[in-house]
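**Student:** Handing you this structure, nothing more for now.
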Amino acid sequence: MTDFSLYFHVPFCSRKCDYCHFYVVPNQERHQDTYMEGLAIEWRKRLPLITGKRLTTVYFGGGTPSLLGPEKIGKIISWIAEKFPLEGIEITLEANPENITREQMEAYRNVGINRVSIGVQSFDDRLLLRLGRTHDAQTAINAVNNTYQAGITNISIDLMYELPSQSITSWHRTLSQAAMLPITHLSLYNLTIEPQTVFYKYRKDITAQLPDEDVSLKMYEMAIDLLEESGLWQYEISAFARDGQISQHNIGYWTARPFIGLGPSAFSYWEGGRFQNVGNLNKYSSALKEDTFPVDFVEQLQEEAQKCELLAIYLRLRSGICLEKFQEEYGAVNETTLGNIKKLTELGLLEKNDSQLALSKKGVLFYDTVAAEIIEAT
128 MTDFSLYFHV PFCSRKCDYC HFYVVPNQER HQDTYMEGLA IEWRKRLPLI
178 TGKRLTTVYF GGGTPSLLGP EKIGKIISWI AEKFPLEGIE ITLEANPENI
228 TREQMEAYRN VGINRVSIGV QSFDDRLLLR LGRTHDAQTA INAVNNTYQA
278 GITNISIDLM YELPSQSITS WHRTLSQAAM LPITHLSLYN LTIEPQTVFY
328 KYRKDITAQL PDEDVSLKMY EMAIDLLEES GLWQYEISAF ARDGQISQHN
378 IGYWTARPFI GLGPSAFSYW EGGRFQNVGN LNKYSSALKE DTFPVDFVEQ
428 LQEEAQKCEL LAIYLRLRSG ICLEKFQEEY GAVNETTLGN IKKLTELGLL
478 EKNDSQLALS KKGVLFYDTV AAEIIEAT
């Protein structure tokens, strides 16, 4: 039986952060009603594709999914529960610190949420203001504690580095604060300046304020060392978890588990192909009311390109991949790729123990180089 995951994109935000390039819409009741009507139709239309498969995880991402409220999130979970057993399934909700109260998290727990991912980003008030966030450090600390006290003990937070005017000292304080909180998981992101963001509009000034490459590497190494010292082990290049608490949903992304995304702008990966829903709530809703799928992007990779991309993605995991088993499942790796693997091993970026291939400690710092060498071997 094929395993798969469900992802629901909930596009609502109180405001759009200055660095954010995701599709979001203002959090208004009329928009929520339009969203729920469209989502109900899309869910029914997607059921034939996933019926008979085994559901492994559910993830509500955004946007700020917690703005949808426990009643509507609970309604979506009830749709799923009618078709799939949910006992033991990881069900994650993304939330922002300023929207979290203990009472609200208790309500989410009661409708089936058992994991919460909180967009903290930093514990430096100056940097939070620079990012256009609407919470401060104390609000973030309270949010984590409120979630834990509400009985949701599987808690992840997001942190960002390589921020404008961010210092090593500030980053160390943020990491130290994170390590003291009752979290089970932490995701780490470096800032990227994307088109159609406020940061992109002022990219020249902002780029001049970013840490240089040496400082950025030092920040990343510091994060690995400090977090692992506190019991948050790096299991993927951007993810850390306590023993037994890795994100089952994220692992699916790095091991090519199929997933269906629902909601405006949601991505899906199915049978070796990718497709994305239209990133516009009105167009999304209109297409579904006209009984058509709201898809506006489809990509089917050629077999060799898909194989190399999957190999690069698997290598994000610190445990690496058994090359022999990979080739049994996806077919033989071409000579160019094998040659590049040998070169990367000689450079000390990859390590090979028997048939297991993994990033070295140095390779973790230069994963983009490793991935490029493997993907470009097609």
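Numbering (my numbering), first residue to last: 128 to 505.
We put the beta carbon where it would ideally sit given N, CA and C, even for glycine.
When the Cα of residue 387 is compared with those of 396, 379 and 381, which residue comes out closest?
**Tutor:** Ranking 396, 379 and 381 by Cα distance to residue 387 puts 396 first.
**Student:** Report the start-end ranges of each beta strand (DSSP E) in the region 348 to 392 that is 3 residues or longer and not cut off at the edges.
**Tutor:** For the region 348 to 392, whole beta strand (DSSP E) runs of length 3 or above, ordered along the chain, are 360 to 363, 366 to 368 and 386 to 389.
**Student:** Quick one: is residue 295 buried, meaning 16 or more other Cβ sit within 10 Å of its Cβ, or exposed?
**Tutor:** Classification for residue 295: exposed.
**Student:** Here's the rule I'm using: 16 or more other beta-carbon atoms within 10 Å means buried, otherwise exposed. How should residue 512 be labelled?
**Tutor:** Nothing can be reported for residue 512, as the shown portion of the chain is limited to 128 through 505.
**Student:** Let me know the secondary structure DSSP gives residue 453 once reduced to three states.
**Tutor:** The answer is helix: DSSP assigns residue 453 an H, G or I state.
**Student:** Nearest to residue 485 by CA position, among 362, 455, 375 and 420, is which residue?
**Tutor:** The shortest C-alpha separation from residue 485 is found at 362.
**Student:** When DSSP labels each residue in this structure, what does residue 310 get in the three-state scheme?
**Tutor:** Correct three-state label for residue 310: coil.
**Student:** Apply the 10 Å Cβ neighbour rule to residue 348 and answer buried if 16 or more other Cβ atoms are within range, or exposed otherwise.
**Tutor:** It is exposed - the Cβ of residue 348 has fewer than 16 other Cβ atoms within 10 Å.
**Student:** If we call anything under 7 Å between Cβ atoms a contact, is residue 181 one with residue 145?
**Tutor:** No, Cβ-Cβ distance for residue 181 and residue 145 is not below 7 Å.
**Student:** Check whether the region 213 to 233 touches the region 185 to 203, taking contact to mean three or more Cβ pairs, one atom from each stretch, closer than 8 Å.
**Tutor:** Judged by Cβ distances under 8 Å, the region 213 to 233 makes contact with the region 185 to 203, as three or more pairs qualify.
**Student:** Go ahead and label residue 251 buried or exposed: buried means 16 or more other beta carbons lie within 10 angstroms of its beta carbon, across all protein chains shown.
**Tutor:** By the 10 Å Cβ count, residue 251 comes out buried.
**Student:** In terms of residue numbering, what span does the alpha helix (DSSP H) encompassing residue 275 cover?
**Tutor:** Element bounds for residue 275: 264 to 276.
**Student:** Mind checking residue 246: buried by the 16 CB within 10 Å criterion, or exposed?
**Tutor:** With 16 or more Cβ atoms within 10 Å of its Cβ, residue 246 is classed as buried.
**Student:** Please report the distance separating the alpha-carbon of residue 419 from that of residue 426.
**Tutor:** The alpha-carbon atoms of residue 419 and residue 426 are separated by roughly 18 Å.
**Student:** Going along the chain, which unbroken runs of the beta strand (DSSP E) with 3 or more residues stay wholly within the region 145 to 184?
**Tutor:** Those beta strand (DSSP E) runs which fall completely within the region 145 to 184 and span 3+ residues do not exist here.
**Student:** Would DSSP call residue 248 helix, strand or coil?
**Tutor:** Strand.
**Student:** Is the region 406 to 424 touching the region 167 to 178 in the sense that three or more CB pairs, one from each, lie closer than 8 Å?
**Tutor:** The region 167 to 178, when compared against the region 406 to 424, does touch it at the 8 Å Cβ threshold.
**Student:** Does residue 485 come out as helix, strand or coil in the three-state DSSP assignment?
**Tutor:** Looking at residue 485 - three-state DSSP - the assignment turns out to be strand.
**Student:** Taking 7 Å as the cut-off, decide whether the C-beta atoms of residue 393 and residue 158 are in contact.
**Tutor:** Contact: no.
**Student:** Is the region 482 to 501 touching the region 336 to 356, taking contact as three or more C-beta pairs under 8 Å?
**Tutor:** Yes, the region 482 to 501 touches the region 336 to 356.
**Student:** When DSSP builds the beta bridges, which residues end up paired with residue 242?
**Tutor:** BP columns for residue 242 point to 219.
**Student:** Do residue 224 and residue 190 count as a contact pair if the criterion is CB distance below 7 Å?
**Tutor:** No, the Cβ-Cβ distance between residue 190 and residue 224 is not below 7 Å.
**Student:** Starting from residue 466, trace the alpha helix (DSSP H) in both directions and tell me its first and last residue.
**Tutor:** Unbroken alpha helix (DSSP H) run through residue 466: 462 to 473.
**Student:** Are the region 193 to 207 and the region 405 to 412 in contact at 8 Å, needing three or more beta carbon pairs?
**Tutor:** They do not touch, by the three-pair rule.
**Student:** Going by DSSP, what residue range makes up the alpha helix (DSSP H) through residue 326?
**Tutor:** Taken as a continuous stretch (DSSP letters only), the alpha helix (DSSP H) holding residue 326 covers 325 to 328.
**Student:** What's the gap between the Cα of residue 255 and the Cα of residue 345?
**Tutor:** Between residue 255 and residue 345, the C-alpha separation is close to 21 Å.
**Student:** Three Cβ pairs or more, each shorter than 8 Å: is that satisfied between the region 375 to 383 and the region 328 to 343?
**Tutor:** Output reads no: the region 328 to 343 does not touch the region 375 to 383.
**Student:** How far does the alpha helix (DSSP H) with residue 405 in it reach, from first residue to last?
**Tutor:** It is not in any alpha helix (DSSP H) - residue 405 carries neither H nor E in the DSSP assignment.
**Student:** Under DSSP, the beta strand (DSSP E) around residue 427 begins and ends at which residues?
**Tutor:** From DSSP, the beta strand (DSSP E) with residue 427 extends over 422 to 427.
**Student:** What's the gap between the Cα of residue 343 and the Cα of residue 164?
**Tutor:** Near 45 Å, if we compare the C-alpha coordinates of residue 164 and residue 343.
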